[in-house]
Structure formats: C-alpha cells, structure tokens
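End of the sequence shown sits at 132 in our numbering; the numbers just go up one at a time, nothing left out.
For each residue, glycine too, the CB sits at the ideal point set by N, CA and C.
Notes for the one structure printed next.
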Amino acid sequence: PSDRLHFEDLARELGNELSIFHAANYDSYVSSLSLQDQSLWTATKRLLNYHSIFSPLRQQDNSWARSDEEKAEVFCSHISSVFHPFSDSDPVRTSRVYEFLDSPLPLSLPPRSFTPSEVPKKVPTGSSPY
C-alpha cells in the first residue's frame with residue numbers, strides 16, 4: 003500500500019511537471035511566431051487544416067466493414083433496426099391519402115396568378131362595359 007501511494011504521488015508530480023513543460027514549450031513556440039518568416043501563416047494553416055476522421059463500423063459477425071459497400075450495408079441494417087414505422091391508426095385517412103396520391107395529374111397547368119395593378123394593363127383602352 004505504501005508503494006502504491008508513493009507511485010501515485012510520483013505519477014501526479016510527473017503529470018504536473020509535464021503540463022508545466024508543455025505550457026512553457028507552447029508559450030515559447032507562440033512567442034517565436036512572426037510575420038517576416040511566414041511562421042504565423044504556416045501555424046494558422048496547420049491549425050485550420052482539419053481532417054474529419056470517420057469511425058470504423060463493425061458488421062454483425064464482429065468483423066470490420068472496410069469497403070464503402072460494406073459500410074453502407076451495416077448502416078442500412080442499423081437504421082432499419084432502429085427506426086420502425088408507426089402502426090396504421092386511421093385506415094380511412096390512409097386510404098384517402100393513397101387515393102389522392104394515385105389520382106391523375108391535371109391536363110393543363112393552373113392559370114397564372116395576377117395582381118390588381120396588372121388588370122388595367124391588359125384591358126384595352128377606350129372600351130367600356132356600358
């Protein structure tokens with residue numbers, strides 16, 4: 003038990019010393035950046051160059067999905083197992099929806115909408131309804 007306590011104290015002290023060292027190292031790195039040698043630009047470019055990492059997927063047999071097709075199949079099976087459609091609670095409404103969706107489209111487009119200010123432009127001048 004005393005060895006373990008001594009080890010934990012040393013590990014904590016080492017962690018503190020490492021964090022102090024890394025902070026000092028970072029401070030000296032940041033203070034050394036300048037505009038003349040383009041080191042500030044390269045550091046900014048390196049920080050902004052973020053690459054997203056896609057996590058690997060496991061198949062049903064615990065092997066890794068490596069190809070895009072295998073990953074798509076694993077994702078498809080996962081989505082189909084998680085999401086299930088709701089039960090049909092109102093069959094009358096569902097039949098009306100299917101009937102509406104199966105109805106034929108109109109043969110012509112609906113008339114174009116217009117504004118009241120467009121009416122005098124289309125009516126010929128000099129014509130009176132009386």
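Task: R133 versus H53 - alpha carbon distance - done: Because the chain is modelled from 3 through 132, residue 133 falls outside the range shown and cannot be assessed.
TODO: Can you tell me which of the three DSSP states L42 falls into?
DONE: L42 falls in the helix class under three-state DSSP.
- [ ] Rounded to whole angstroms, what's the CA-CA distance from S89 to P113? Just pull it up for me.
- [x] When the Cα atoms are used, S89 and P113 turn out to be separated by approximately 40 Å.
Task: Cα-Cα separation, E72 to S33 - done: One alpha carbon belongs to E72, the other to S33, and they sit about 49 Å apart.
Open item on the list: So, with DSSP's three-state summary, where would you put L12?
Closed with: Looking at L12 - three-state DSSP - the assignment turns out to be helix.
TODO: For L49, collect the residues of the same chain with a Cβ closer than 8 Å to its Cβ; drop the 5 residues on either side in sequence, then sort them by chain order.
DONE: Closer than 8 Å at the Cβ level, and outside the excluded window around L49, lies no residue.
Open item on the list: Suppose the cutoff is 6 Å on Cβ atoms and the five residues either side in sequence are ignored; what does the same chain contact list for T46 look like?
Closed with: Within the same chain, T46 has no close Cβ partners at all.
Task: Cβ shell of P58 (< 6 Å), same chain only, five flanking positions each side left out - done: If we look at P58 and ignore the five residues flanking it on each side, its Cβ neighbours are W66.
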